[in-house]
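> This is the structure I have questions about; it appears just below.
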Amino acid sequence: MVASVIEGVALRGIVACVPERRETVEDLAARFGEDAARRIAKATGIEARHLVPPHQCTSDLGEAAARRLLDRLGWAADSIDLLVMVTQTHDHILPASGYRLHHRLGLGKGAAVLDLTLGCSGYVHGLWTASAMLKAAGGRRALLIAGDTTSRVIDPDDRAVAPLFGDAATATALVAEDGAAPMVFALGSDGAGAPYLAVPGGGLRRPGEPAHLFMDGTQVFAFTLREVPGNIRAVLERAGWTMETVDRLVLHQANAQMIRHLAQKLGATPGQTVVGLAGFGNTSSASIPLALASELEGALRGGPLRLLLSGFGVGWSWGSVALTAGPLAVCEVMALPASPAESAEPDGQPAKGAGRKAIFAECPAKIADP
Numbered sequence: 001m002v003a004s005v006i007e008g009v010a011l012r013g014i015v016a017c018v019p020e021r022r023e024t025v026e027d028l029a030a031r032f033g034e035d036a037a038r039r040i041a042k043a044t045g046i047e048a049r050h051l052v053p054p055h056q057c058t059s060d061l062g063e064a065a066a067r068r069l070l071d072r073l074g075w076a077a078d079s080i081d082l083l084v085m086v087t088q089t090h091d092h093i094l095p096a097s098g099y100r101l102h103h104r105l106g107l108g109k110g111a112a113v114l115d116l117t118l119g120c121s122g123y124v125h126g127l128w129t130a131s132a133m134l135k136a137a138g139g140r141r142a143l144l145i146a147g148d149t150t151s152r153v154i155d156p157d158d159r160a161v162a163p164l165f166g167d168a169a170t171a172t173a174l175v176a177e178d179g180a181a182p183m184v185f186a187l188g189s190d191g192a193g194a195p196y197l198a199v200p201g202g203g204l205r206r207p208g209e210p211a212h213l214f215m216d217g218t219q220v221f222a223f224t225l226r227e228v229p230g231n232i233r234a235v236l237e238r239a240g241w242t243m244e245t246v247d248r249l250v251l252h253q254a255n256a257q258m259i260r261h262l263a264q265k266l267g268a269t270p271g272q273t274v275v276g277l278a279g280f281g282n283t284s285s286a287s288i289p290l291a292l293a294s295e296l297e298g299a300l301r302g303g304p305l306r307l308l309l310s311g312f313g314v315g316w317s318w319g320s321v322a323l324t325a326g327p328l329a330v331c332e333v334m335a336l337p338a339s340p341a342e343s344a345e346p347d348g349q350p351a352k353g354a355g356r357k358a359i360f361a362e363c364p365a366k367i368a369d370p
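Per the UniProt record's numbering, residue 1 is the first one in the sequence shown, and the count goes up by one each step.
Here it is as structure tokens:
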């Protein structure tokens, strides 16, 4: 297990962005039947989810969140020293989505960019990576963008996963600051869990198969109970905290039943435990910062709060962090509408070369044909 303490890095703000389109329990009832839809909602605590339209990607949500965050903070784009992007739903096989956002946001050529392909544990891993890199490189400001458009890799008729996952992306501002409270991390991995939560098709290994998410819920639940409580206790011990001294416990927002079960196992009270997925569903790497922005906006603006954050999922991978955050200058949720072109564009295969043209359309410089 990787365990580390990072000092001198502070959170400045969080913006979460969800697509405007919503799917409710009533929409699910039309597909799966009224009784099934109600049973799923009762078991998971999920009443609605935000879903991207067909041509909207994770980077679009991430860009909107980052622009809002930079504007609210008054940070110039060229003042960012580091961009870390966490997603498992990239726009393309390559280039990495972080580099596309580097260009679209207008970041300087001296900024470092790093993409992490992680899901539900991704925010904690991204926070660790961005904070450690910022300190090691002597930078001043970092952007951490974490999000997924999981609906793009789900069979809408698969009742095991379709009612659970929503789409979102978040932007978190980090700054190197003397005297900032330490962040205490513990991370873990077990690649033996890879087959139980995966998109087996659509990649280079199995290109002819549809890119649909498979999840073995029993294995996910067993893994979570096996690894996460001990990981959280290790962080608390290293930080010199107890659960009683934690202001808020923010777990990956997988489903309400799992959150409450873990919280009870850890001795956290309902008042300490953040449950914020009713209107969003499981948003993968965005779930923790989205819960912070949607459920703790006022508290984090007033701050400081002692937070225990823990993410866990695909890989298997897991990680927890104890940190003190606030007062934050920015903490909000926004919605991104689909453009008329996105809403109106018909389904179908793009013409040969269309992908190349779409990427190059974002680049103002002339690119010569090979």
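For every residue, glycine included, the Cβ atom is placed at its ideal position computed from N, Cα and C.
1) Can you tell me which of the three DSSP states H103 falls into?
2) To which residues of the same chain is Q272 closer than 8 Å at the C-beta, ignoring the five residues directly before and after it?
3) Between the stretch 166-178 and the stretch 188-198, are three or more C-beta pairs nearer than 8 Å?
4) Helix, strand or coil: how does DSSP classify W128 here?
5) Using three-state DSSP, classify E332 as helix, strand or coil.
6) Short of 6 Å in beta carbon distance, which residues of its chain neighbour I259, apart from the five on each side in sequence? Order them along the chain.
7) Within the same chain, show all residues whose beta-carbon is closer than 8 Å to that of A268, passing over the 5 residues directly before and after it, in chain order.
8) Could you check where the alpha helix (DSSP H) with H261 kicks off and where it finishes?
9) Pick out whichever of A299, A256, W316 and G281 has its Cα sitting closest to the Cα of L51.
10) Kindly identify the DSSP beta-bridge partner or partners of D148.
11) What is the DSSP secondary structure of I359, reduced to helix, strand or coil?
12) With a threshold of 6 Å on Cβ separation, who are the neighbours of A254 within its own chain once the five nearest residues in sequence on each side are excluded?
13) How about A329 and R38: are their beta carbons less than 8 Å apart?
14) If we ignore side chains and look at the alpha-carbon of each, how far apart do E237 and A322 end up?
15) What runs of the alpha helix (DSSP H), each 4 residues or longer, lie entirely inside the stretch 161-237?
16) Going by alpha carbons, who is nearest to L69 out of A132, A173, G138 and E209?
17) Looking only at C-alpha atoms, which of C331, H102 and A10 sits nearest to R72?
18) What separation, rounded to the nearest whole angstrom, lies between the Cα atoms of F185 and G319?
19) State the start and end residues of the unbroken beta strand (DSSP E) segment that holds R12.
20) Tell me the DSSP secondary structure of L277 in three-state form.
21) Using only the alpha-carbon positions, how far apart do S284 and D148 sit?
22) Taking all protein chains shown into account, decide if G257 is buried (16 or more other Cβ within 10 angstroms of its Cβ) or exposed.
23) Just to confirm, is the Cβ distance from A180 to E47 under 8 Å?
24) Of the residues Q219, R104, E227 and A198, which one's Cα is nearest the Cα of I154?
25) For a test of the three-state rule: what should DSSP assign to I80, helix, strand or coil?
26) On the three-state DSSP scale, how would you describe G45?
27) G315 and S121: beta carbons closer than 8 Å?
28) If you reduce the DSSP assignment to three classes, tell me which class R306 lands in.
29) According to DSSP, is I40 part of a helix, a strand, or is it coil?
30) Compute the Euclidean distance between the alpha carbons of L134 and E63, then round it to the nearest angstrom.
31) Does the stretch 293-306 come close enough to the stretch 73-90 that 3 or more CB-CB pairs lie under 8 Å?
32) Taking buried to mean at least 16 other C-beta atoms within 10 Å of its own C-beta, is E345 buried or exposed?
33) What does the alpha-carbon distance come out to for the pair R100 and R141?
34) Please check the pair G240 and V124, which I expect to be a contact at CB under 8 Å, by giving their CB distance rounded to whole angstroms.
35) In angstroms, rounded to a whole number, what distance separates the CA positions of M183 and A112?
Working from what's here:
1) Sequence index remark: in the sequence shown, residue 103 carries index 103 (1-based). Residue state, collapsed to three classes: helix.
2) What you label residue 272 is simply residue 272 of the sequence shown in a count that begins at 1. For Q272, where only same-chain residues beyond five positions count, the Cβ hits under 8 Å are M243, V246, D247, R248, L249 and A263.
3) Taking 8 Å as the limit for Cβ pairs, the verdict is that the stretch 188-198 does not touch the stretch 166-178.
4) Here residue 128 is taken as the residue at index 128 of the sequence shown, counted from 1. If DSSP states are grouped into helix, strand and coil, W128 belongs with the helices.
5) Residue 332 sits at position 332 when you count from the first residue of the sequence shown. DSSP places E332 in strand when its eight states are reduced to three.
6) Position 259 of the sequence shown, counted from the start, is the residue given in the question as residue 259. So the qualifying residues of the chain are L251 and V275.
7) Reading the sequence shown from its first residue, position 268 is the one you call residue 268. Excluding positions up to five away in sequence, the list reads M243, V246 and L249.
8) On the sequence shown, position 261 is the one that residue 261 refers to. Counting along the chain, the alpha helix (DSSP H) containing H261 begins and ends at A256 to L266.
9) Residue numbering aside, residue 51 sits at position 51 when the sequence shown is read from its first letter. It is G281 whose Cα lies nearest to the Cα of L51.
10) Taking the sequence shown and counting its residues from 1, one reaches residue 148 at position 148. DSSP, once it has assigned bridges, lists A168 as partnering D148.
11) In the sequence shown, the residue the question calls residue 359 occupies position 359. Unreliable placement is indicated for I359, whose pLDDT of 47 sits below 50; the coordinate value is still reported in the next sentence. For I359, the three-state secondary structure derived from DSSP is helix.
12) Against the sequence shown, residue 254 aligns to sequence position 254. For A254, where only same-chain residues beyond five positions count, the Cβ hits under 6 Å are N282.
13) Numbered from 1 along the sequence shown, position 329 holds the residue referred to as residue 329. Numbered from 1 along the sequence shown, position 38 holds the residue referred to as residue 38. No, the pair does not count as a contact, with Cβ atoms beyond the cut-off.
14) The sequence position of residue 237 within the sequence shown is 237, counting from 1. The sequence position of residue 322 within the sequence shown is 322, counting from 1. Whole-angstrom Cα-Cα distance: 10 Å.
15) As far as the stretch 161-237 is concerned, it has no whole alpha helix (DSSP H) run of at least 4 residues.
16) Taking the sequence shown and counting its residues from 1, the one referred to as residue 69 is at position 69. Among A132, A173, G138 and E209, the Cα nearest to that of L69 is on A173.
17) As a first step, residue 72 must be located in the sequence shown, where it is residue number 72. When each option's Cα is compared against that of R72, the closest is C331.
18) On the sequence shown, residue 185 is found 185 positions in, with the first residue counted as 1. On the sequence shown, residue 319 is found 319 positions in, with the first residue counted as 1. Approximately 7 Å between the Cα atoms of the pair.
19) Within the sequence shown, numbered from 1, the residue matching residue 12 stands at position 12. Per DSSP, R12 belongs to the beta strand (DSSP E) from V9 to P19.
20) Taking the sequence shown and counting its residues from 1, one reaches residue 277 at position 277. In this structure, L277 counts as coil in the three-state DSSP scheme.
21) Counting from 1 along the sequence shown, the entry for residue 284 is found at position 284. Counting from 1 along the sequence shown, the entry for residue 148 is found at position 148. Their backbone Cα atoms lie some 6 Å apart in a straight line.
22) On the sequence shown, residue 257 is found 257 positions in, with the first residue counted as 1. The residue you asked about is not Gly; residue 257 is Gln in the sequence shown. The residue is exposed, with fewer than 16 neighbouring Cβ atoms inside 10 Å.
23) Here residue 180 corresponds to residue number 180 of the sequence shown, with the count starting at 1. Here residue 47 corresponds to residue number 47 of the sequence shown, with the count starting at 1. Against a cut-off of 8 Å, the Cβ pair of E47 and A180 comes out as no contact.
24) Counted from its first residue, the sequence shown places residue 154 at position 154. Of Q219, R104, E227 and A198, the residue nearest in Cα terms is A198.
25) In the sequence shown, the residue the question calls residue 80 occupies position 80. The answer is coil: DSSP assigns I80 none of H, G, I, E or B.
26) For the purposes of this step, residue 45 is taken as residue 45 along the sequence shown, with counting starting at 1. The answer is coil: DSSP assigns G45 none of H, G, I, E or B.
27) Residue mapping note: residue 315 aligns to position 315 of the sequence shown, counting from 1. Residue mapping note: residue 121 aligns to position 121 of the sequence shown, counting from 1. Yes, the pair counts as a contact, with Cβ atoms nearer than the cut-off.
28) Your numbering for residue 306 matches position 306 in the sequence shown. In this structure, R306 counts as strand in the three-state DSSP scheme.
29) Position 40 of the sequence shown holds residue 40. I40 falls in the helix class under three-state DSSP.
30) In the sequence shown, counting from the first residue as 1, residue 134 sits at position 134. In the sequence shown, counting from the first residue as 1, residue 63 sits at position 63. Each residue's Cα considered, the two are about 21 Å apart.
31) Verdict: no, contact absent.
32) Position 345 of the sequence shown, counted from the first residue, corresponds to residue 345. Summary for E345: the model assigns pLDDT 41, below 50, so the residue's position carries little reliability, and this model does not support an answer.
33) Counting from 1 along the sequence shown, the entry for residue 100 is found at position 100. Counting from 1 along the sequence shown, the entry for residue 141 is found at position 141. Cα to Cα, the separation comes out at about 19 Å.
34) Numbered from 1 along the sequence shown, position 240 holds the residue referred to as residue 240. Numbered from 1 along the sequence shown, position 124 holds the residue referred to as residue 124. Contact doesn't hold; Cβ gap of about 19 Å is too wide.
35) By 1-based counting over the sequence shown, the position of residue 183 is 183. By 1-based counting over the sequence shown, the position of residue 112 is 112. Cα to Cα, M183 sits roughly 22 Å from A112.
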